[in-house]
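Q: Just so you know, UniProt numbering puts 225 at position 225 of the sequence shown, and the rest follows in order with no gaps. Every residue gets a Cβ at the ideal spot worked out from N, C-alpha and C, and that includes glycine. Remember, it's a predicted structure, so these values are computed and weren't measured experimentally.
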Amino acid sequence: MKRTLITLCGLSIALLLLTATVPAAETQLFNKPGAYYVSASIDAGCSPNPAYFTIADGLTGTDLKVMGISPGFNCVTGAPADTQGFQLEAGPIIYSESKYLDNPPVVSPAPLSTITLSSGSTYTLYAYGGRNAYVVLEFKVTGGLTTPPGTPGTTPGTTPATPGTTPATPGTTPTTPGGTTTKPGSTPGGPAVSGPKTLEGKWKTDWWGVLTITINGGSVTGNYEESQGRINGTLSADGRTIKGWWSEAPTYQRPECAGIFTITLSPDGGSISGEWHFGESEYKYEMKGTRVK
């Protein structure tokens with residue numbers, strides 16, 4: 001293990017670098033109603049990192065949409081890739097999408113939003129588009145409960161903290177390498193003030209500067225001061241937690257300039273707390289913020 005200081009996308013961060021054996025990817029099981037996402041990528045060595053997942057009996061996955069997608073770099077020349085896309089398989093290919101340069105995407109066989117994910121199948125999501133290409137696919141799981149009513153964590157519409165709520169990099173199993181990192185001396189000054197009990201609005205955060213959040217139904221968009229950043233995500237059923245994807249200049253691409261995040265509203269509505277990651281790494285950085293009046 002060694003500690004090193006790196007600068008990425010405007011952030012200077014001390015990281016603990018760990019050397020570990022990475023086990024094979026596991027199939028993610030979605031067994032409760034809620035909003036989820038999975039991601040696939042091509043790593044720095046140009047090897048595919050697909051996502052494997054399945055839907056529990058009695059449930060279905062619907063409202064599929066692309067939450068984030070980006071081409072990478074040509075594995076031979078190193079030039080920016082001119083093609084990006086992904087495909088979803090359940091044995092046979094059930095959906096594919098490709099886009100060449102600025103041309104409209106070519107989809108097959110039908111719009112993504114019309115596809116239903118059924119129980120009993122193992123789905124595989126592949127990204128393509130060169131080194132560091134990625135895709136994040138969002139969907140909703142609906143249907144009856146798989147455990148008796150009243151069991152903790154089974155309320156319909158919640159986003160449970162089960163495997164699959166945070167996209168795991170295919171090919172890795174979380175090993176909690178090194179804990180968390182907070183930004184020294186950068187917690188927003190002053191006590192949290194009571195405010196509207198909604199995540200929408202402006203927040204002064206320790207990592208991102210002023211973060212502006214806009215909510216439209218269950219979808220969340222926003223932007224922040226640091227490196228012209230932006231966020232996209234989904235809102236939990238209780239309206240108190242956002243899970244999604246951040247990205248920022250100069251590349252807006254994972255892993256250095258994009259990744260997953262979670263933000264949760266305090267009980268009094270006056271502050272937020274959460275975590276963000278480079279790409280989908282297990283190492284997390286804690287974040288705090290207070291409402292801007």
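From the DSSP output, read off the bridge partner residues of residue 67.
A: Answer is none; residue 67 lacks a bridge partner.
Q: Report back the beta-carbon spacing between residue 37 and residue 138 to the nearest angstrom; my notes put them in contact at under 8 Å.
A: Correct: roughly 4 Å between the Cβ atoms.
Q: May I ask you to report which of helix, strand or coil DSSP gives residue 199?
A: Residue 199 falls in the coil class under three-state DSSP.
Q: Between the stretch 81 to 96 and the stretch 26 to 37, do at least 3 Cβ pairs fall closer than 8 Å?
A: At 8 Å Cβ cutoff, the stretches do not touch.
Q: Which residues bound the beta strand (DSSP E) around residue 107?
A: That run of the beta strand (DSSP E) goes 106 to 108.
Q: Across which residues does DSSP place residue 230 in a beta bridge pair?
A: According to DSSP, residue 230 bridges with 223, 247.
Q: Would you call the CB atoms of residue 44 and residue 86 closer than 8 Å?
A: Against a cut-off of 8 Å, the Cβ pair of residue 86 and residue 44 comes out as no contact.
Q: According to DSSP, is residue 112 part of a helix, a strand, or is it coil?
A: It is helical.
Q: Are there 16 or more other CB atoms within 10 angstroms of the CB of residue 133, so buried, or fewer, so exposed?
A: Per the 10 Å Cβ criterion, buried.
Q: Please say whether residue 225 and residue 208 have beta carbons closer to each other than 8 Å?
A: Result yes, Cβ atoms of residue 208 and residue 225 sit closer than 8 Å.
Q: Between the Cα of residue 260 and those of 46, 57, 55, 68, spot the shortest distance and give me the residue it belongs to.
A: Checking every option, the nearest Cα to that of residue 260 belongs to 68.
Q: Give the straight-line distance between the Cα atoms of residue 156 and residue 110, rounded to the nearest whole angstrom.
A: Legend: pLDDT at residue 156 = 39, less than 50; position of this residue unreliable, value from coordinates given subsequently. Using only the alpha carbons, I get a separation of about 29 Å.
Q: Beta strand (DSSP E) containing residue 211: first to last residue?
A: First-last of the beta strand (DSSP E) with residue 211: 209 to 216.
Q: Rounded to whole angstroms, what's the CA-CA distance from residue 159 to residue 248? Just pull it up for me.
A: Note on residue 159: pLDDT 38, under 50, position unreliable in the model; the coordinate value appears next. The alpha-carbon atoms of residue 159 and residue 248 are separated by roughly 26 Å.
Q: Any contact between the stretch 115 to 129 and the stretch 46 to 62? By contact I mean 3 or more CB pairs, one from each, below 8 Å.
A: They touch, by the three-pair rule.
Q: Looking at the strands, I want to know which residues DSSP matches up with residue 95.
A: Partner(s): 88.
Q: Just how far apart, CA to CA, sit residue 232 and residue 221?
A: Their backbone Cα atoms lie some 5 Å apart in a straight line.
Q: Would you call residue 211 buried or exposed, if buried means 16 or more other Cβ atoms sit within 10 Å of its Cβ?
A: Looking at its Cβ environment, which holds 16 or more other Cβ atoms inside 10 Å, residue 211 is buried.
Q: So residue 269 and residue 202 are supposed to be a Cβ contact under 8 Å. How far apart are they, rounded?
A: Not quite, the Cβ-Cβ distance comes to about 13 Å (not below 8 Å), so this is no contact.
Q: Quick one: what's residue 293 bridged to in DSSP?
A: None, per the DSSP bridge assignment.
Q: Does the beta-carbon distance from residue 263 to residue 131 come in below 8 Å?
A: No, the Cβ-Cβ distance between residue 263 and residue 131 is not below 8 Å.
Q: Does the distance from the C-beta atom of residue 288 to that of residue 275 stay below 8 Å?
A: Going by C-beta atoms, residue 288 is not nearer than 8 Å to residue 275.
Q: Using the Cβ count rule (16 or more neighbours within 10 Å means buried), how would you classify residue 214?
A: By the 10 Å Cβ count, residue 214 comes out exposed.
Q: Let me check understanding here. Comparing Cα to Cα, which of 112, 258, 27, 244 lies closest to residue 88?
A: It is 112.
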